[in-house]
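Beneath this line is the structure, given in structure tokens, with notes to follow.
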Amino acid sequence: MGESTGPQARTAASAGALGTILFSRTIINSSFRVVYPFLPVISRGLSVPLTAVSFLLTLRALAGLSSPFFGPLSDRYGRRSLMLAGLGMLAMGSALIAGRPTYGVATLAFVLLGLSKTAYDPAMQAYLGDAVPYHRRGRVFGITELSWSAAWLVGVPATGFLIERAGWQTPFVALALLALVSLFFTWRLSPDQPRRTSSTASRWTGPFVPPLGLSVSTEPSGRGLDGVSGRRLTTGLRHSRGPWLGLVVGLLFMFAIENVFVVYGA
343 MGESTGPQAR
353 TAASAGALGT
363 ILFSRTIINS
373 SFRVVYPFLP
383 VISRGLSVPL
393 TAVSFLLTLR
403 ALAGLSSPFF
413 GPLSDRYGRR
423 SLMLAGLGML
433 AMGSALIAGR
443 PTYGVATLAF
453 VLLGLSKTAY
463 DPAMQAYLGD
473 AVPYHRRGRV
483 FGITELSWSA
493 AWLVGVPATG
503 FLIERAGWQT
513 PFVALALLAL
523 VSLFFTWRLS
533 PDQPRRTSST
543 ASRWTGPFVP
553 PLGLSVSTEP
563 SGRGLDGVSG
573 RRLTTGLRHS
583 RGPWLGLVVG
593 LLFMFAIENV
603 FVVYGA
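Take 343 as the starting number for the sequence shown in this note's numbering and just add one per residue.
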């Protein structure tokens, strides 16, 4: 596998860049996590039953099904562009809830919150994967995953404090403002690394390659993922159980986590 070296790799893995990504992911993850403990408060604020607020979480989760759409967009328009789009949707969704707290507006807002994470996370991972050398990716991705814990350990207490002092909409005001701050610093990140050419071509050697039957070149051909045509990729996935098994297991894990959080919040 070709490794990324040079100034772009150093810049993407710098303390400033990782700090920006960690901060941005913490804000996005906070928009997910802070809702659960305060479902009854949000329910009263929107003047709807608790079941109606729980349905908003369902819509937010369904927005995650758009990931196959956002992934190729980051290939086409750039990783940083999709990261900015995700943060923009986070700011819009949070501002909608804060500015017009009706159930109809909240429905649109929660869909935007779901789309924000779906757009940001794959683009962020691809951005780092493009730039960070292979032997350092575990450490770098491990740092970015601190955002899940930070969202709960910092975001939830801060949300409770803001709700107690200034009302249930205030945390969404804070999320919108912090998303704008993240937008600014993400915009200042180094541009995406140029696509690798055939001189630096590599092949997939992961565990799913044999059943997929795919030999993946990084020669730019305009046919999708690193030169793999959509038809070949679809055919490979259709005849491979590994990716589908991983998808089912992932969905079951997410269902279990969401179920626990919703019941806990209620």
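Beta carbons: idealized from backbone N, C-alpha and C, even for Gly. As the structure is a computational prediction, the values presented were derived from the model and not from experiment.
Consult DSSP for Gln-467 and reduce its assignment to one of helix, strand or coil. The residue given as residue 467 occupies position 125 in the sequence shown. If DSSP states are grouped into helix, strand and coil, Gln-467 belongs with the helices.
Helix, strand or coil: which one does DSSP assign to Val-376? Working through the sequence shown from its first residue, we reach residue 376 at position 34. Three-state result, Val-376: coil.
Suppose you measure from the CA of Leu-454 to the CA of Gly-435; what does that come to, to the nearest Å? Residue 454 sits at position 112 when you count from the first residue of the sequence shown. Residue 435 sits at position 93 when you count from the first residue of the sequence shown. Straight-line Cα distance between these residues: approximately 5 Å.
Distance, Met-431 Cα to Gly-358 Cα: What you label residue 358 is simply residue 16 of the sequence shown in a count that begins at 1. What you label residue 431 is simply residue 89 of the sequence shown in a count that begins at 1. When rounded, the distance between both Cα atoms is 23 Å.
Tell me, please, whether the stretch 433–449 touches the stretch 409–417 by the rule of three or more beta-carbon pairs shorter than 8 Å. no
Using 8 Å for Cβ pairs, my map puts Ala-440 next to Phe-503. What's the rounded Cβ distance? Taking the sequence shown and counting its residues from 1, one reaches residue 440 at position 98. Taking the sequence shown and counting its residues from 1, one reaches residue 503 at position 161. Their Cβ separation, rounded to whole angstroms, is 16 Å, which puts Ala-440 and Phe-503 out of contact at 8 Å.
Presumed contact (8 Å Cβ cut-off) between Arg-422 and Leu-531, rounded CB distance: By one-based count along the sequence shown, residue 422 stands at place 80. By one-based count along the sequence shown, residue 531 stands at place 189. Confirmed, Cβ separation roughly 6 Å.
For Gly-428, count the other beta carbons within 10 Å of its own beta carbon; 16 or more makes it buried, fewer makes it exposed. Which is it? Start at 1 with the first residue of the sequence shown, and residue 428 comes out as number 86. Under this definition Gly-428 is a buried residue.
Just curious, the alpha helix (DSSP H) that Glu-487 is in, first and last residue? Translated into the one-based positions of the sequence shown, residue 487 becomes position 145. It is not in any alpha helix (DSSP H) - Glu-487 carries neither H nor E in the DSSP assignment.
Is it true that the stretch 460–470 meets the stretch 372–387, where meeting means three or more beta-carbon pairs spaced less than 8 Å apart? no
Could you have a look at Gly-358 and say whether DSSP puts it in helix, strand or coil? By 1-based counting over the sequence shown, the position of residue 358 is 16. Helix, per DSSP.
Is the number of C-beta pairs between the stretch 384–404 and the stretch 485–493 that are closer than 8 Å three or more? no
Do Ala-461 and Leu-424 have their beta-carbon atoms positioned less than 8 Å apart in this structure? Working through the sequence shown from its first residue, we reach residue 424 at position 82. Working through the sequence shown from its first residue, we reach residue 461 at position 119. Yes, the pair counts as a contact, with Cβ atoms nearer than the cut-off.
Roughly how many angstroms separate the alpha carbons of Arg-352 and His-477, rounded to a whole number? Residue mapping note: residue 352 aligns to position 10 of the sequence shown, counting from 1. Residue mapping note: residue 477 aligns to position 135 of the sequence shown, counting from 1. Low confidence applies here, because Arg-352 scores a pLDDT of 46, under 50, leaving its location unreliable and the question unanswered by this model.
Can you look up Leu-438 in the DSSP assignment and give me helix, strand or coil? Taking the sequence shown and counting its residues from 1, the one referred to as residue 438 is at position 96. Three-state DSSP puts Leu-438 in a helix.
Which residue comes first and which comes last in the alpha helix (DSSP H) that contains Thr-393? Locating residue 393 in the sequence shown gives position 51, where the first residue counts as 1. Note, Thr-393: alpha helix (DSSP H), 392–404.
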